[in-house]
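Notes to accompany the following structure.
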Amino acid sequence: MPGMISGRSAASLAIVAEFRSALLAEGTLLFLVFVLLAIGWVACREVLLARARAWLAAQRDRWPVEPSWRRVLRIGFGVLWIIDGLLQAQPAMPTGLPAQVIAPAAAGSPGWVVRVVAWGTGAWSGHPAQAAVSVVWIQLGIGIWLVSVSSPRWSRLAGLVSAGWGLVVWVFGEAFGGLLGPGLSWLTGAPGAALLYSAAGGLLALPPRYWRDPRVGRWLLQAAGVLVIAFAVLQAWPGRGSWQGTVRGSAGSARPGPLAASINAMAAGSQPTALHDLLTWFASIAARYGLATNLVAVVVLAVTGAGLLSARPAVTRPAAGALIGFCLADWLLVQDLGVFGGTGTDPNSMLPQVLLITAGLLAVAAGARPVAGAAAAATQPDAVETAPLPGRRLALLRPDRAARRLGRAFGTASASAVLTVWAVAMLAMGVAPMAQAALDRGPAPGTAAASYQPIPVSAAPTVAAQPPAAGLW
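Residues in the sequence shown are numbered from 51 upward in steps of one, following my numbering.
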């Protein structure tokens, strides 16, 4: 988020140093865990008979084939979570996130929203380094889990975890996506990237019987259509300033309108010169031709939304393609790709929408071409996870049967299963300290003199509203 620069006080520098030290120490521990898992996996595989591995391969064929739309969601949002986790490791996060990102997201919202957000940021303000490190591991763990998982059962669980954490971020990090605050616009990030992450997680958590149901794709496209039509109406609503490229002050001075001001704020961050010049140029276009710019946005959102609501593929596909192109253009020209400035926390809301729309198109297409035997396979999605190994040939030495059984299961696991175990360990390393920080809401030693304060709960902050999706932890 542009302008989020941590203070240079001694307390702030000490917190950043603590953050880096904890990140390095815990990262080293997680690397050693990964090495031990890899060594143990290879050793167990060498001990097992070749027949055990062949049996597992045959059993794995009984899993329902993951359709392309679900694979796009799982891997796409897994990669986004990994990017978010890496961005969260930036040094400015521990000291600047509550006041410079979350407070602007809650600016102008009702008092109860500000109080909810302030309660959530209390844990961060009291334990900034610990909380920042925890979020890094939580988001990296979710991302690696989603990308690597192959089991239907575990991929559904990963989707549930992603949906749950996305809601936490949407409420406390994005102040409900800024939906209750001023300056709400689809162009600048509403309804919040984290809500889209949560929606994708919910789709991944669906039972396998829905994987080849074309209604899932139609419902997804229709939900996207309703969303963009609603924001088209909001964008066209008179009196919100969306039609004005410049706003006249009381003294006759002119200042940029809401869209141009948001673009200028994004361009103010540290980034490549070419991208800065492109944003500055488009901000001048939005300021000079405010009415035309807003008219294009309203028409595109309304027309593509109506097309997505149509049940005819000949209309739905072009509408989805046009909306994807408009999302990518907005991501570049308005949202500034969401990751620059040294303080970006996520790529903002356009890429998640592109992934969801693409998944909807693929789901509809897959439902129109059913695969033979897919329905029968979907009725037993987890047979491999409950079926016993052939006991007579695989019976190992009698002592410590439980340990032998564990080693047998570990040795017959796939590489993706090993990565999943590592991702879950990473997630646990982040969740435990975050839960402790949430319970112990007092300031940690050495943080009392920090140059930031929690969000005040007596009144809404007066900071100018910023794109809500920038508050993703």
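Quick reminder that beta carbons are idealized off the backbone N, C-alpha and C, glycines included. Bear in mind the structure is a predicted one, so any value in this text is a computation, not a measurement.
Buried or exposed: residue i, going by 16 or more other Cβ atoms within 10 Å of its Cβ?
i	result
THR354	buried
PRO202	buried
ASP396	buried
SER292	buried
PRO257	exposed
ASP134	buried
LEU406	buried
PRO368	exposed
SER320	exposed
GLY216	buried
SER205	buried
ASP327	exposed
GLY299	exposed
GLY394	buried
ALA324	exposed
GLU96	exposed
VAL85	exposed
PRO114	buried
TRP162	exposed
VAL315	One point to set straight first is that residue 315 is Ala, not Val, in the sequence displayed. Buried, since its Cβ has 16 or more Cβ neighbours within 10 Å.
ALA347	buried
Alpha carbon to alpha carbon, how far is residue j from residue i? Give it in angstroms, no decimals.
i	j	result
LEU489	TRP195	27 Å
LEU401	LEU378	7 Å
ALA181	ALA487	7 Å
SER464	PHE127	22 Å
THR343	TRP236	14 Å
ALA61	GLY388	29 Å
VAL185	ALA482	11 Å
VAL66	THR145	7 Å
ALA280	VAL349	12 Å
VAL404	ALA93	43 Å
LEU80	GLN189	14 Å
ALA409	ALA304	44 Å
SER200	ALA475	17 Å
ALA142	PRO363	47 Å
TRP472	VAL83	7 Å
GLN138	GLN385	18 Å
ALA499	TRP331	Bear in mind that a pLDDT of 42 at ALA499, under 50, signals an unreliable position, so the number given afterwards is only what the model happens to contain. When rounded, the distance between both Cα atoms is 42 Å.
LEU63	PHE222	25 Å
PRO288	GLY375	27 Å
VAL297	ARG290	11 Å
ARG259	LEU271	19 Å
GLN150	TRP119	37 Å
LEU253	TRP269	11 Å
ALA467	THR78	21 Å
ALA333	TRP381	14 Å
ALA155	ARG121	32 Å
LEU572	LEU383	With the chain covering 51 to 523 only, the question about residue 572 has no answer from this structure.
VAL166	VAL218	11 Å
ILE125	PRO264	21 Å
TRP131	SER399	13 Å
LEU207	GLY214	11 Å
Which same chain residues end up closer than 7 Å to residue i when comparing Cβ atoms and leaving out the 5 residues on each side of it in sequence?
i	result
LEU147	TRP174
TRP220	PHE226, GLY227, GLY242, ALA244, LEU245 and SER248
LEU229	ALA240 and PRO241
LEU234	GLY228, ALA240 and LEU284
LEU87	VAL468, VAL471 and TRP472
Which same chain residues, not among the five before or five after residue i, have their C-beta less than 6 Å away from its C-beta?
i	result
GLN294	GLY307 and GLY340
SER360	THR366
ALA250	LEU123 and PHE127
LEU345	none
ALA370	ILE407 and LEU411
SER212	ILE192 and GLY251
PHE390	GLY319 and GLN321
VAL266	TYR260 and ALA413
ALA527	Nothing in the structure corresponds to residue 527, since the chain is present only between 51 and 523.
Go through its chain and collect everything with a Cβ distance to residue i's Cβ below 8 Å, but skip five positions before and after it.
i	result
PRO117	TRP261, ARG262, LEU412, ALA413 and ALA416
VAL129	GLY193 and VAL197
VAL183	PHE69, ALA72, LEU73, GLU76, GLY480 and PRO483
VAL276	GLY355 and LEU359
Roughly how far, in whole angstroms, is the beta-carbon of residue i from the beta-carbon of residue j, given that I think they are within contact range, below 8 Å?
i	j	result
LEU477	TRP187	7 Å
ALA336	LEU309	5 Å
ALA179	GLU68	4 Å
GLY209	ALA255	4 Å
LEU351	ALA282	4 Å
Alpha helix (DSSP H) segments (min. 4 residues) lying fully within the segment 314–395:
323–338, 340–359 and 363–383
As an exercise, report each continuous alpha helix (DSSP H) stretch of at least 4 residues that is fully enclosed by the segment 259–315, in chain order.
264–286
For a minimum of 4 consecutive residues, which ranges assigned as the alpha helix (DSSP H) are wholly contained in the segment 177–248?
178–198 and 202–218
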